[in-house]
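Protein chains in written order, with our numbering: chain A, 1 to 219; chain B, 1001 to 1219.
2 protein chains.
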Amino acid sequence: MTNTPRIVEVRQNILKHNDEVARELREEFHEAGVFVVSLVSSPGAGKTAFLEQTLTILNRQCHPAALVGDLATSNDAARLARSQAPVKQITTGTLCHLEAAMVRTALDGWNLADLDFLFIENVGNLVCPSSYDLGENLRLVLLSVTEGEDKPLKYPTIFNSADVAVITKIDLADAVEFDWTAAKDNIQAVRPGMRILEVSSKTGQGMPEWISFLTSRPA
Amino acid sequence: MTNTPRIVEVRQNILKHNDEVARELREEFHEAGVFVVSLVSSPGAGKTAFLEQTLTILNRQCHPAALVGDLATSNDAARLARSQAPVKQITTGTLCHLEAAMVRTALDGWNLADLDFLFIENVGNLVCPSSYDLGENLRLVLLSVTEGEDKPLKYPTIFNSADVAVITKIDLADAVEFDWTAAKDNIQAVRPGMRILEVSSKTGQGMPEWISFLTSRPA
Chain A
1 MTNTPRIVEV RQNILKHNDE VARELREEFH EAGVFVVSLV SSPGAGKTAF LEQTLTILNR
61 QCHPAALVGD LATSNDAARL ARSQAPVKQI TTGTLCHLEA AMVRTALDGW NLADLDFLFI
121 ENVGNLVCPS SYDLGENLRL VLLSVTEGED KPLKYPTIFN SADVAVITKI DLADAVEFDW
181 TAAKDNIQAV RPGMRILEVS SKTGQGMPEW ISFLTSRPA
Chain B
1001 MTNTPRIVEV RQNILKHNDE VARELREEFH EAGVFVVSLV SSPGAGKTAF LEQTLTILNR
1061 QCHPAALVGD LATSNDAARL ARSQAPVKQI TTGTLCHLEA AMVRTALDGW NLADLDFLFI
1121 ENVGNLVCPS SYDLGENLRL VLLSVTEGED KPLKYPTIFN SADVAVITKI DLADAVEFDW
1181 TAAKDNIQAV RPGMRILEVS SKTGQGMPEW ISFLTSRPA
C-alpha cells in the first residue's frame, strides 16, 4: 500500500505529541499529589461497575474523582456519579481511545490539589489504547472471566502496556468454567511477574484487597 | 492538535484505497458464487465458538471456509480447523482491524469457485472495524449477554455498519440478569429494523434458526 510511509510518519507525530502532553500531565499530577489510575479492557469487561465500587469505597475516606471515555452517551458518568465522587464524561465520537490532550481538556475546572485519586476509564478496546500514555501512575487491564482465558495471548500489547491485571466478574467463573490456571499462565507468558487481582463488583469479593493495594502505595 | 488535517487526509486515502479493494473483492465473490459473511464484536463475545459451530454444521451440506483475524497467535484458526472446513489465520500485529487488502492476500491459493460460504472473523474490536468494507455480503455484529445491554448505544457506529445483530451466550442470560427488552430496544434505537438473532454456541440453542436464515438467503 503506497500510503504506508505517510501513515507511519503521521502516527509517529501523533504519538510524539501525545507523549509530550502525557509527560506534562504526569508532572502536574505529581505536583498536586494525586495518584492517577487508568483502566483499559474490552467493552463490557466491567470497568464501570468496578470503578463505581472503587469510588464509593474511597469516597468515604478520601477524595477520588473520575474521567470516563466513551464514543457516545454519558451513561457511564451518570452511573459513576452515584458514588458521590466528581465525574466527567469524555465523548470521543468515532475515536477508539483516549489521548492525553483529551484528559487535559477534561480536567479544566478541577483543582487537582483537592484530589487524592484520579481514575481514567478508557474507551472499551483491547488494542488501540495501548499506545497512548495518559500520564497515569498505574494502568490496569481488566479481563472478565466471561471473555475467555486466551485474551492475554491474543492482545499482548495491551497487557504489556499495563501494570496490573484485574480479573473481573469472578462470581461467574464457575458458570463459564473459567480455567484459572490457563488465564494466569497466559498473563504471565505475556508479562512475567505481572500482579493479578481478582474481583467481583457484584458480590464485592476481592474489593478489600484491591483498595488495600491501592491505598498502601507510596504517594 | 496541528496534526489533525493531515490525519484526516491520510485516513481518507486509506479508506478510499480500502473501498477500491473491497469493491474488487465483492465482484470476485459474486462471480465465484460465494456468499461472504463477516463477524465483528468485542474480544470474547464468542465469534470463534459461533463460527466453529456454523462451519461444522455447514460443512455437512456444502463448502464453507473461513479467514480469522487476530493481532497475535493462530489459536482461532486451530479451533476452527476442527470443523474440517478450510481455515486461514490473518495475523495483524498491532493493527486493530482487518482491511480488504489483507483478505485478498489471505485468499491466495484458494479457488473461490469451490466455496459456497466464506466467513471472515475480524479482530475483536467494537470500534475500528466499522470503517473497513471487506467486500462481504453480510456483516454480523455479535453481542454477548455478559457484556451488558448498553453496548449498542455506546458503540453505535459498528451497529450501524452491520446488517444483523447476534446476541450470544444466551445460556448465561439468567446468570447475568440480562435485560432482553433493554438490549433489543438499544439495538433498535441505533439501527431501527435490525434483524436480531439469539444463540448459544455452548447449548446449540438458536443455531438452527441462524443456519436457516443463512442458507435461505438468495445466492
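For every residue, glycine included, the Cβ atom is placed at its ideal position computed from N, Cα and C.
To be precise: take each residue of the segment 1030 to 1060 of chain B, compare its Cβ to all Cβ atoms of chain C, and keep it if any distance is under 7 Å. Which residues remain? Within the model displayed, chain C is absent; protein chains A and B are what it includes.
Relative to the ligand NAD, is the shortest distance from any of its heavy atoms to the C-beta of residue 174 (chain A) smaller than 7 Å? This structure simply doesn't include the ligand NAD, nor any ligand for that matter.
Give every residue of the same chain whose Cβ lies closer than 6 Å to the Cβ of residue 157 (chain A), excluding the five residues on either side of it in the sequence, and list them in chain order. Against the first sequence, residue 157 (chain A) aligns to sequence position 157. Within the same chain, residue 157 (chain A) has close Cβ partners 130.
Identify which residue in A:174, A:176, A:85 has its Cα closest to the Cα of residue 119 (chain A). The residue given as residue 119 (chain A) occupies position 119 in the first sequence. Minimum Cα distance to residue 119 (chain A) is reached at A:85.
Should residue 1050 (chain B) go down as buried or exposed, given a rule of 16 or more other Cβ atoms within 10 Å for buried? One-based indexing of the second sequence puts residue 1050 (chain B) at position 50. It counts as buried.
Quick one: which chain B residues come within Cβ less than 7 Å of residue 155 (chain A)? Residue numbering aside, residue 155 (chain A) sits at position 155 when the first sequence is read from its first letter. Ordered by position in chain B, the residues that pass the 7 Å Cβ test against residue 155 (chain A) are 1043, 1071.
Among the residues of its own chain, which have a CB less than 7 Å from the CB of residue 1043 (chain B), if the five just before and after it don't count? The residue given as residue 1043 (chain B) occupies position 43 in the second sequence. 1124, listed in sequence order.
Is there contact between the segment 1099 to 1112 of chain B and the segment 73 to 80 of chain A, where contact requires at least three CB pairs shorter than 8 Å? no
Hey, would you say residue 1122 (chain B) sits closer than 8 Å to residue 1038 (chain B), going by beta carbons? Taking the second sequence and counting its residues from 1, the one referred to as residue 1122 (chain B) is at position 122. Taking the second sequence and counting its residues from 1, the one referred to as residue 1038 (chain B) is at position 38. For residue 1122 (chain B) and residue 1038 (chain B), yes; Cβs fall inside 8 Å.
Answer yes or no: do residue 133 (chain A) and residue 81 (chain A) have a C-beta to C-beta separation smaller than 8 Å? Position 133 of the first sequence, counted from the first residue, corresponds to residue 133 (chain A). Position 81 of the first sequence, counted from the first residue, corresponds to residue 81 (chain A). No, they are not a contact pair.
In this structure, does DSSP put residue 1178 (chain B) in helix, strand or coil? Your numbering for residue 1178 (chain B) matches position 178 in the second sequence. It is coil, neither helix nor strand.
Take the Cβ of residue 1008 (chain B) as the centre, count every other Cβ of all protein chains shown within 10 Å, and call the residue buried at 16 or more, exposed below. Here the question's residue 1008 (chain B) lines up with position 8 in the second sequence. Looking at its Cβ environment, which holds fewer than 16 other Cβ atoms inside 10 Å, residue 1008 (chain B) is exposed.
CB contact below 8 Å: residue 1 (chain A) versus chain B: To locate residue 1 (chain A), count along the first sequence from 1; it is residue 1. Annotation note: pLDDT 43 at residue 1 (chain A) (below 50); position unreliable, coordinate value reported separately. So, interface residue.
Neighbour list for residue 96 (chain A) in chain B, Cβ cutoff strictly below 8 Å: As a first step, residue 96 (chain A) is located in the first sequence; it is residue number 96 there, counting from the start. Ordered by position in chain B, the residues that pass the 8 Å Cβ test against residue 96 (chain A) are 1096, 1125, 1127, 1128.
On the criterion of 16 or more Cβ atoms from any shown chain inside 10 Å, does residue 1064 (chain B) qualify as buried, or is it exposed? Residue 1064 (chain B) sits at position 64 when you count from the first residue of the second sequence. Flag for residue 1064 (chain B) reads buried.
Against chain A, does residue 1187 (chain B) count as a neighbour if the rule is that its beta carbon must be under 8 Å from one of theirs? Position 187 of the second sequence holds residue 1187 (chain B). So no, residue 1187 (chain B) is outside the interface.
Taking 8 Å as the cut-off, decide whether the C-beta atoms of residue 140 (chain A) and residue 175 (chain A) are in contact. What you label residue 140 (chain A) is simply residue 140 of the first sequence in a count that begins at 1. What you label residue 175 (chain A) is simply residue 175 of the first sequence in a count that begins at 1. For residue 140 (chain A) and residue 175 (chain A), no; Cβs fall outside 8 Å.
Are the CB atoms of residue 88 (chain A) and residue 67 (chain A) nearer to each other than 8 Å? Along the first sequence, one-based indexing puts residue 88 (chain A) at 88. Along the first sequence, one-based indexing puts residue 67 (chain A) at 67. A contact, by the Cβ cut-off of 8 Å.
Compare the C-beta of residue 1206 (chain B) against all C-beta atoms of chain A and say whether one is closer than 8 Å. In the second sequence, residue 1206 (chain B) corresponds to position 206, counting from 1. With 8 Å as the cut-off, residue 1206 (chain B) does not count as an interface residue toward chain A.
Where does residue 1061 (chain B) sit, in a helix, a strand or coil, going by DSSP? Taking the first residue of the second sequence as position 1, residue 1061 (chain B) is located at position 61. In this structure, residue 1061 (chain B) counts as coil in the three-state DSSP scheme.
Below 8 Å CB to CB, which residues in the same chain sit around residue 202 (chain A) once its five sequence neighbours on both sides are set aside? Within the first sequence, the letter at position 202 stands for residue 202 (chain A). Correct list, in chain order: 49, 169, 171.
Counting C-beta neighbours from all protein chains within 10 Å, is the total for residue 53 (chain A) 16 or more, i.e. buried, or is it exposed? By one-based count along the first sequence, residue 53 (chain A) stands at place 53. Burial call: buried.
With 8 Å set as the bound, which would you pick, yes or no: does the beta-carbon of residue 1150 (chain B) sit closer than that to a beta-carbon of chain A? In the second sequence, residue 1150 (chain B) corresponds to position 150, counting from 1. Taking Cβ atoms only, chain A reaches closer than 8 Å to residue 1150 (chain B), which makes this a yes.
Return no unless some Cβ of chain A is closer than 8 Å to the Cβ of residue 1006 (chain B). Translated into positions along the second sequence, residue 1006 (chain B) becomes position 6. Yes, contact with chain A.
Could you tell me if residue 1148 (chain B) is buried or exposed, where buried requires 16 or more neighbouring beta carbons within 10 angstroms of its beta carbon? Taking the first residue of the second sequence as position 1, residue 1148 (chain B) is located at position 148. Buried, because 16 or more other Cβ atoms sit within 10 Å of the Cβ of residue 1148 (chain B).
What does the alpha-carbon distance come out to for the pair residue 60 (chain A) and residue 114 (chain A)? As a working note, residue 60 (chain A) is residue 60 in the first sequence. As a working note, residue 114 (chain A) is residue 114 in the first sequence. For residue 60 (chain A) and residue 114 (chain A), the distance between alpha carbons rounds to 15 Å.
For residue 41 (chain A), which three-state DSSP category applies? The residue you call residue 41 (chain A) lines up with position 41 of the first sequence. Residue state, collapsed to three classes: coil.
Between residue 1014 (chain B) and chain A, is any beta-carbon pair separated by less than 8 Å? Taking the second sequence and counting its residues from 1, one reaches residue 1014 (chain B) at position 14. Yes, contact with chain A.
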